[in-house]
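Here's the structure we're looking at; comments come further down.
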Amino acid sequence: MQSSLSLVELAVDYNATLWIEEADGDAIKLVLDLPLEGLQN
9 MQSSLSLVEL
19 AVDYNATLWI
29 EEADGDAIKL
39 VLDLPLEGLQ
49 N
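Mind the numbering: the sequence shown is residues 9 to 49 in the numbering used here, read in order.
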């Protein structure tokens, strides 16, 4: 569960979008769209 929490934190902290897509078989695909504009090192 910790890795799922980290993805949600990324989505909130960096204005990313997180969604779930269907995959082959019994799997799901977690997609995190992280905007690169405005990010600073």
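For glycine and all other residues, C-beta sits at the position ideal for the given N, C-alpha and C.
DSSP, read as helix, strand or coil, puts Leu-26 in strand. In this structure, Ala-24 lies near Leu-40, with their beta-carbon atoms less than 8 Å apart. Close CB contacts of Leu-15 within its chain, under the 7 Å cut and outside five residues either way in sequence, are with Leu-26, Leu-38, Leu-40 (chain order). Looking at the DSSP output, Asp-41 bridges to Thr-25.
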